[in-house]
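Presented below is the structure to which this report refers.
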Amino acid sequence: MRARMALLVSGTVCELREVKLADKPQAMIDASPKATVPVLVLGDGQVLDESLDIMLWALGNHDPEKWLEGDPASLIETNDGAFKYHLDRYKYATRYDTDPIEHRTAAVRILLNLEERLSHNINLLRDERSLSDIAILPFIRQFAEADRAHFDSLPLPRLQSWVKCHIQSPLFCGAMVRLAPWQPGQAPVMLGSEHAH
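Each residue of the sequence shown is one higher than the last, beginning at 1 in this note's numbering.
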């Protein structure tokens, strides 16, 4: 989702291919043997298969909202490292054979730091959204959706408002387009084009 939002804000038009991870198309595996989403195949054949790399590539080409300006990597590193670690073990406790409450508690400690940041600005770094906001948002949303009543009960009013504001934004809604899984030979569905269908 975060890669799609960066592609949209940068004005990058690309073909979307929705995949069902239980039935990965051979074209995806051929492009990226890692076979995880997202995968972006550039015109020159270069493959980007990490969402943050796709974000940085798209914004490196065109960054109209200046998301890259003054963005500390530490926020995204904490999100993609410690927070995601605890999120996965909270959401998928049976897969990891762990205590979900222990991991939920550890994740909340990280969220409290974000709540504090939001006491200074509308977004994590400044009033305007930045790379950090969009890179972190999908993971905070996943945490919230794992147990909405619990998330809503936490002493995180600024973070709760921040999530709500972002998931109701035209950017997020534009990135959330749901598609049927891609099949070879189907008509392309373009992201970032007014001709998208």
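For every residue, glycine included, the Cβ atom is placed at its ideal position computed from N, Cα and C.
Keep in mind the model is a prediction, meaning the values are calculated, not measured.
Notebook entry, point to check: Helix or strand or just coil, what does DSSP make of Val163?
Noted result: helix
Checklist line | In DSSP terms, what Glu15 is bridged to | finding: Met190
Notebook entry, point to check: Residue range of the alpha helix (DSSP H) that Asn61 falls in?
Noted result: Ser51 to Asn61
Notebook entry, point to check: Assuming Leu52 contacts Leu40 under a Cβ cut-off of 8 Å, what Cβ separation, rounded to an integer in Å, is found between them?
Noted result: Contact doesn't hold; Cβ gap of about 12 Å is too wide.
Margin query: Does Asp23 come out as helix, strand or coil in the three-state DSSP assignment?
Written below: strand
Check: Tyr85 lies in the alpha helix (DSSP H); which residues open and close that run?
Finding: Lys84 to Lys91
Notebook entry, point to check: Exposed or buried, what is Met176 when buried is set at 16 or more other beta-carbons lying within 10 Å of its beta-carbon?
Noted result: exposed
Note to self: Considering only DSSP beta bridges, list what Val41 is partnered with.
What the structure shows: Val47
Checklist line | Proximity of Leu131 and Asp71 at Cβ, strictly below 8 Å | finding: yes
Next item on the list: May I ask you to report which of helix, strand or coil DSSP gives Lys120?
Entry: According to the sequence shown, residue 120 is His rather than Lys. Correct three-state label for His120: coil.
Note to self: Would Thr12 and Gly192 qualify as a contact pair, given that the criterion is a beta-carbon distance under 8 Å?
What the structure shows: yes
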